[in-house]
Amino acid sequence: MARYDFLIIGSGIAGLSYAVKLARHFENNRPVSIAVITKVQADETNTKYAQGGIAAVWAESDSFEKHIADTIDAGDGINNQKIVDMVVREAPERIQELIDYGTRFDREPDGEYDLAREGGHSDHRILHFKDITGAEIERALLEEAGRHPNIQIFSHYYAVELITQHHLGETVYRYRTDIQCFGAYVLNRETGEVEKFLANTTLLATGGIGSIYQSTTNPTIATGDGIAMAYRAKGICDNMEFIQFHPTSYFLPGQKPSFLISEAVRGFGGILKHADGTTFMGKYDERESLAPRDITARAIDSEMKKRGVDHVYLDVRHLDYEKFLDHFPNINQYCLDHGVDVRTDMIPVVPAQHFMCGGIRVNEFGQTNIRQLYAVGECACTGLHGANRLASNSLLEAVVFGHRAYLATVDNYDQVTIPENIPDWDDSGTTHPEEQVLVTEMTRELNSVMSNYVGIVRTYRRLKRAYDRVELLYREHEKLYRESKVSVPICELRNMINVSYLVIKMAMARRENVGLHFNQDNVK
Numbered sequence: 010m011a012r013y014d015f016l017i018i019g020s021g022i023a024g025l026s027y028a029v030k031l032a033r034h035f036e037n038n039r040p041v042s043i044a045v046i047t048k049v050q051a052d053e054t055n056t057k058y059a060q061g062g063i064a065a066v067w068a069e070s071d072s073f074e075k076h077i078a079d080t081i082d083a084g085d086g087i088n089n090q091k092i093v094d095m096v097v098r099e100a101p102e103r104i105q106e107l108i109d110y111g112t113r114f115d116r117e118p119d120g121e122y123d124l125a126r127e128g129g130h131s132d133h134r135i136l137h138f139k140d141i142t143g144a145e146i147e148r149a150l151l152e153e154a155g156r157h158p159n160i161q162i163f164s165h166y167y168a169v170e171l172i173t174q175h176h177l178g179e180t181v182y183r184y185r186t187d188i189q190c191f192g193a194y195v196l197n198r199e200t201g202e203v204e205k206f207l208a209n210t211t212l213l214a215t216g217g218i219g220s221i222y223q224s225t226t227n228p229t230i231a232t233g234d235g236i237a238m239a240y241r242a243k244g245i246c247d248n249m250e251f252i253q254f255h256p257t258s259y260f261l262p263g264q265k266p267s268f269l270i271s272e273a274v275r276g277f278g279g280i281l282k283h284a285d286g287t288t289f290m291g292k293y294d295e296r297e298s299l300a301p302r303d304i305t306a307r308a309i310d311s312e313m314k315k316r317g318v319d320h321v322y323l324d325v326r327h328l329d330y331e332k333f334l335d336h337f338p339n340i341n342q343y344c345l346d347h348g349v350d351v352r353t354d355m356i357p358v359v360p361a362q363h364f365m366c367g368g369i370r371v372n373e374f375g376q377t378n379i380r381q382l383y384a385v386g387e388c389a390c391t392g393l394h395g396a397n398r399l400a401s402n403s404l405l406e407a408v409v410f411g412h413r414a415y416l417a418t419v420d421n422y423d424q425v426t427i428p429e430n431i432p433d434w435d436d437s438g439t440t441h442p443e444e445q446v447l448v449t450e451m452t453r454e455l456n457s458v459m460s461n462y463v464g465i466v467r468t469y470r471r472l473k474r475a476y477d478r479v480e481l482l483y484r485e486h487e488k489l490y491r492e493s494k495v496s497v498p499i500c501e502l503r504n505m506i507n508v509s510y511l512v513i514k515m516a517m518a519r520r521e522n523v524g525l526h527f528n529q530d531n532v533k
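All letters in the sequence shown, in the order written, are residues 10 to 533 by the working numbering.
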């Protein structure tokens, strides 16, 4: 058994920025223990795969009001106005802290930051580092975390379940706010043993859910673990129907994760076209190739169906190649590795699942309805994104809420009493089944159901079919889970089934088309 002041599940920008804030706050005060667990190596996170950048009002031509308006317009007006205003206005200070930690952003020859513009933005406000901005932020935060001895990072540790009163035999709560989190049961992947990580405060920063789909830009670790654990602990989840499909992943059938062709490429001047060179975005939005992601992804989906093709193209042949190469060296190299020279060839692209706009409901400080449990980053539903995320607002949301969760926890973390009688993990009567083939096949079926029936365009018939199929998968898998020793594949599939159910249920309940949720049966 391990006991910590703070337990952080996830090592991306949300979790690490929170950890660093705590460590810096207490280093000259009194010692605290901070545990960060990550199910693979520390830098394998959704953050690492963020190419485009982080949005903030930085230029004199820009304003908070414009960034707020762009965010609400992209979110189709159902954003939480208070949260949007808060995040946008706090953005410059939070990004300056990242810079102070050592994060590098590209600059112009005169030393000013090279601010990019992306779809849905009315001004240039995206700070970036080449086309690996997320990896650069991750690098800087890991180095900063390494300077603080009270931060301990546990790589290859997998969170299985949150610990609440339920594990003490208390199964009935009068109110959902009566529930309290005491840490988590965690699988040590090297020993195969499930350990107790007890903590006064627990923060979920587990990223997205992309692995429930056949095609996603998320890393394979994005299996919705935090959302599923919180849901099973009676945490409230919201807006799970709003699944963002990035319009431009590189078209390469069978590739998982899909390689992302950053939003910034369209902001740089890339134009969406068909194979014959004709453009089409003007039929769907006056902003054409700079329309928000929900509009662009549906437009591409519609065009592919009309023409009977499996992808469209992004044309950058007219752009300055040297500047393109400077801004997007990894995208350029990936294209070359797959036989595409952007100077003479168009880039084949297709929409792929990219981001979850919903998640665990939190307030302006990242607090869930479960006491001493916080959620930050993509696994949280803050109200910032509404029905559709504005490009490059995700890293921003993570760092702002990482800061605000830190503010909320430093004053009351030690006012928690953890019961002495929390039981060890009980796996008596279970076995190590030689049934990996079942997990593989159930995962493949789940991916097919979600991609075919709960994708960019939906109908009630498709959603009902998805619900029925996922219900059968749930029953089959729960039996396997109860009979088996804990393993990462079995637990990940359990979590993917849980979050798929939430996506389907909330999509079935949404009776109007808004943002990323488009149901053909709702069209009048």
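Idealized CB from N, CA, C, for every residue including glycine.
Remember, predicted model here, so these are calculated numbers, not experimental data.
Given this structure, state the Cα-to-Cα distance separating residue i from residue j, to the nearest angstrom.
i      : j      : result
PHE254 : SER437 : 42 Å
ASN159 : VAL458 : 45 Å
PRO498 : THR226 : 20 Å
HIS133 : ASP71  : 8 Å
HIS76  : LEU136 : 14 Å
HIS283 : SER220 : 29 Å
ALA208 : ALA193 : 8 Å
LEU281 : GLU480 : 39 Å
ASP140 : MET238 : 33 Å
GLY291 : ALA384 : 39 Å
ARG453 : GLN223 : 8 Å
LEU447 : LEU489 : 9 Å
TYR166 : LEU328 : 45 Å
ILE218 : MET365 : 7 Å
GLU202 : SER460 : 35 Å
VAL419 : TYR27  : 11 Å
ASP187 : VAL371 : 16 Å
PRO432 : ARG148 : 38 Å
Out of the options, which one is the CA nearest neighbour of residue i?
i      : options                        : result
HIS486 : LEU323, GLU450, LEU399         : GLU450
ALA65  : PRO118, ALA125, THR56          : ALA125
TYR415 : THR226, LYS205, GLY375, GLY317 : GLY375
ARG519 : PHE251, TYR259, VAL96          : PHE251
ASN531 : THR468, GLY129, GLY217, TYR222 : THR468
ASP234 : GLY392, LYS265, CYS500, GLN174 : CYS500
THR287 : MET238, ALA300, ASP324, HIS130 : ASP324
ASP435 : ASN421, ARG453, SER403, ARG491 : ARG491
ARG471 : GLN529, ASP109, ARG198         : GLN529
LEU382 : GLY178, PHE191, GLY143         : PHE191
VAL29  : TYR167, HIS130, HIS157, SER42  : HIS157
HIS176 : ASP85, PHE138, GLU521, LYS205  : LYS205
GLY21  : ALA83, ASN507, ILE309, ALA231  : ALA231
GLY216 : SER460, MET505, ILE465, GLY19  : GLY19
HIS34  : GLY178, GLY86, ALA417, ALA361  : ALA417
TYR322 : HIS336, MET355, SER298, ASP294 : MET355
LEU405 : THR142, LEU261, VAL45          : THR142
What first and last residue would you give for the beta strand (DSSP E) that runs through residue i?
i      : result
TYR58  : Here TYR58 belongs to no beta strand (DSSP E), and DSSP marks it neither H nor E.
ALA193 : 192 to 197
GLN161 : 160 to 164
VAL45  : 43 to 47
HIS255 : 252 to 259
VAL321 : 321 to 324
LYS282 : 280 to 282
LEU382 : 382 to 384
ILE18  : 11 to 18
ILE369 : 368 to 370
Applying the criterion that 16 or more other CB atoms from any shown protein chain within 10 Å of the CB defines a buried residue, is residue i buried or exposed?
i      : result
ASN379 : Checking the sequence, you will find Ile at residue 379 rather than Asn. The residue is buried, with at least 16 neighbouring Cβ atoms inside 10 Å.
ASP14  : buried
ALA407 : buried
VAL58  : In the sequence as displayed, the identity of residue 58 is Tyr instead of Val. Burial call: buried.
THR439 : exposed
THR200 : exposed
ASN397 : buried
ASN55  : buried
GLN342 : exposed
ASP319 : exposed
ASN88  : buried
MET95  : buried
GLU127 : buried
Assuming residue i is part of the alpha helix (DSSP H), what are its boundary residues?
i      : result
ARG302 : 302 to 316
VAL29  : 22 to 35
SER509 : 497 to 518
GLU204 : Per DSSP, GLU204 belongs to no alpha helix (DSSP H); it is in the beta strand (DSSP E), 202 to 213.
GLN362 : Not the alpha helix (DSSP H): GLN362 falls in the beta strand (DSSP E), residues 356 to 365.
ILE236 : 234 to 241
ARG484 : 469 to 492
| message | For the region 267 to 279 against the region 100 to 108, do three or more pairs of beta-carbon atoms, one drawn from each stretch, fall closer than 8 Å, so that the two count as touching? | response | no
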